[in-house]
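In the working numbering, the protein residues as written are -5 to 239.
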C-alpha cells in the first residue's frame, strides 16, 4: 500500500536525534533554541516536529499525542498517512530515562554529587544508585497518577517518562498508528517508510545508529524489574508485537 506522506511519533528516549537526522530532508525541524511557536503560527510541514517537542503542552490531549495528531492536526488526512513510531525495550528505556533525567553516572565524584544533589532536592536520603533507582521508579508512579503535568518533578520529567502506550492509543485503547517498529529495526524500517511513501531515499542498513541496548552501569534488581513491568505493562506488549525487519 502506498501513502501520501508519513507521520513519525517520537517516543522519548528512543533514538530521537538519530531518527530526525535519518529522516532528512523529508522531516522538517523547528528551532529548539527558543520556546516553540504554536501550530497556528507555523507551516503545516512543521506540525509533526512541534508535536514531538515536549515543551508543547496539549491540554486534554497531554500524553495522548497520537490522538491529537489524528483528531486535531490531520483529521482529514490521517488514514492516508503512514504513521509510525519506534518501540524500545521498556527496561532499557527506563534505565536510559534514569541516567538522562535523574542520576549522573561515571566516577565516584559524579556519583557523590548525584547523591548529595538528589538528597537535598527530594528530602530523601540517596545513599546508592540502587536507592536512587527505587526513588526514580516511585516518582514515575507519582507522575502517572498525578493530575498535573508538573507533578512530581516537572513537565520535562513527566513527558519523558510517559508510557508509549498512552501516546499511541485512543481512549478505547485502540492503537492509532499504522505501524510500530522495534527500535532495533530502525534503518530497514525507515527504508520501508521511504518506499511506501514514494520517497527517493534509501539508507545503508549496515551503517551505525544509536539503537543498541543501554550501556549504563546499573542493572535493576528483580524487584525493580517487576516494578518496571508494572509501570510499563502495556509497553512490554507493544514491544513484543512490534514489527521486526
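All residues carry an ideal CB built from backbone N, CA and C; glycine is no exception.
Express the C-alpha separation of residue j and residue i in angstroms, rounding to a whole number.
i, j, result
"residue 7", "residue 91", "7 Å"
"residue 231", "residue 84", "10 Å"
"residue 223", "residue 145", "22 Å"
"residue 35", "residue 143", "24 Å"
"residue 190", "residue 76", "8 Å"
"residue 211", "residue 96", "14 Å"
"residue 53", "residue 71", "23 Å"
"residue 88", "residue 40", "29 Å"
"residue 170", "residue 121", "43 Å"
"residue 98", "residue 217", "22 Å"
"residue 219", "residue 57", "24 Å"
"residue 116", "residue 129", "9 Å"
"residue 239", "residue 29", "37 Å"
"residue 14", "residue 213", "29 Å"
"residue 11", "residue 37", "22 Å"
"residue -4", "residue 94", "38 Å"
"residue 9", "residue 118", "32 Å"
"residue 126", "residue 86", "17 Å"
"residue 27", "residue 33", "17 Å"
"residue 69", "residue 3", "16 Å"
Candidates the options: which alpha carbon is nearest residue i's?
i, options, result
"residue 195", "18, 13, -4", "18"
"residue 82", "-2, 176, 192", "176"
"residue 166", "157, 61, 28, 23", "61"
"residue 1", "12, 15, 67", "67"
"residue 159", "234, 179, 133", "234"
"residue 50", "152, -5, 227, 126", "152"
"residue 150", "173, 184, 239, 48", "48"
"residue 123", "215, 37, 33", "215"
"residue 236", "172, -4, 141, 31", "172"
"residue 5", "227, 125, 118, 45", "45"
"residue 135", "33, -5, 227, 12", "227"
With a cut-off of 8 Å on the beta carbons, I'd call residue i and residue j a contact; round off their distance for me.
i, j, result
"residue 221", "residue 147", "At roughly 17 Å, the Cβ-Cβ gap does not stay under 8 Å, so residue 221 and residue 147 are not in contact."
"residue 59", "residue 161", "5 Å"
Run the proximity test for residue i: is its beta-carbon closer than 7 Å to any non-hydrogen atom belonging to the ligand FMN?
i, result
"residue -3", "With respect to small molecules bound, the structure shown includes none, and the ligand FMN cannot be examined in it."
Take the Cβ of residue i as the centre, count every other Cβ of all protein chains shown within 10 Å, and call the residue buried at 16 or more, exposed below.
i, result
"residue 206", "With a pLDDT of 49 at residue 206, under the threshold of 50, the modelled position of this residue cannot be trusted, and the question is left open."
"residue 25", "exposed"
"residue 79", "buried"
"residue 241", "Nothing can be reported for residue 241: it is not among the residues displayed for the chain, which extend from -5 to 239."
According to the Cβ coordinates, are residue i and residue j closer than 8 Å?
i, j, result
"residue 225", "residue 199", "no"
"residue 21", "residue 42", "yes"
"residue 137", "residue 163", "no"
"residue 74", "residue -2", "yes"
"residue 16", "residue 193", "no"
"residue 229", "residue 157", "yes"
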